[in-house]
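Visitor:
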């Protein structure tokens, strides 16, 4: 069946270092979503990418959708303690539902 | 607007007990979802309702039932709880098809 994998599973960085998480799908995706979940909280939508090769920026966050629409990445420049949490990608499976990746847990050391 | 609300926030059950998790949204969304989240497993879809009056199985439906009571409410029932159902349960909704999902605060369920 369709799978969405994320690497790495965990990442510890010093505050100010950069961070990247990668998302890989076993099938071509029509779009991809990214969510952030703070410790003890619920997932919160960050962005949706639709076009092949699309790059979108939100302040220090850069999101990229691969040319083949089977992979995506989230890059955070100069991490801050507020970036702590788990980042999930999600790809559509059918018309109404998504499959979530396993997530990358980010810890930022001050 | 409250967005997506879930009750209860915490629950402890004994094996074999039953309970219903409640979810409501006030955004006039068509589609609603129930996920469970286990450490290292990400979010797995249990059931979803594409629109009022319809429900469908997700990845892990065994041991659960759902009811889309009306457009606002989508409940998840555990008929005979098992320790393997210890998890955090999230309800989510979306306005149309494959768009942004809004999540509730979650229910932390422990089955002893």
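Residue numbers (our numbering), protein chains in the order written: chain A, 19 to 128; chain B, 587 to 698.
We treat Cβ as the ideally placed atom computed from N, Cα and C, and that holds for glycine.
Given the structure is predicted, the values throughout are model-derived calculations rather than measurements.
1) Any C-beta of chain A sitting closer than 7 Å to the C-beta of residue 650 of chain B?
2) Using a Cβ-Cβ distance cut-off of 7 Å, determine whether residue 109 of chain A contacts chain B.
3) Between residue 79 of chain A and residue 687 of chain B, what straight-line distance do the alpha-carbon atoms span, to the nearest angstrom?
4) For the beta strand (DSSP E) containing residue 39 of chain A, name the first residue and the last one.
5) Throw me the rounded Cβ distance for the residue 667 of chain B and residue 623 of chain B pair, which I believe falls under 8 Å.
6) Residue 661 of chain B by DSSP, collapsed to three states: which one?
7) Contact check, residue 22 of chain A vs residue 97 of chain A under 8 Å by CB: the rounded distance?
8) Count the other C-beta atoms from every protein chain shown that fall within 10 angstroms of the C-beta of residue 654 of chain B, then say buried if there are 16 or more, exposed otherwise.
9) Is it the case that the stretch 84-92 of chain A contacts the stretch 43-51 of chain A, given that we only count it when at least three CB pairs across the two stretches are under 8 Å?
10) With H, G and I counted as helix, E and B as strand and the rest as coil, what does DSSP make of residue 99 of chain A?
11) What does the alpha-carbon distance come out to for the pair residue 592 of chain B and residue 115 of chain A?
12) Quick one: give me the first and last residue of the beta strand (DSSP E) that residue 651 of chain B is part of.
13) At the level of alpha carbons, what is the spacing between residue 678 of chain B and residue 68 of chain A?
14) So with Cβ pairs under 7 Å, would you call residue 121 of chain A a contact of chain B?
Guide: A quick look at the data gives this:
1) So no, residue 650 of chain B is outside the interface.
2) Residue-level contact check: residue 109 of chain A does not touch chain B, since none of the beta carbons of chain B fall below 7 Å from its beta carbon.
3) 20 Å
4) It spans 37-43 - the beta strand (DSSP E) in which residue 39 of chain A sits, taken as one unbroken run.
5) Rounded, the Cβ-Cβ distance is 17 Å, inconsistent with contact.
6) DSSP places residue 661 of chain B in strand when its eight states are reduced to three.
7) Not a contact, Cβ separation roughly 24 Å.
8) buried
9) yes
10) helix
11) 20 Å
12) 650-654
13) 21 Å
14) yes
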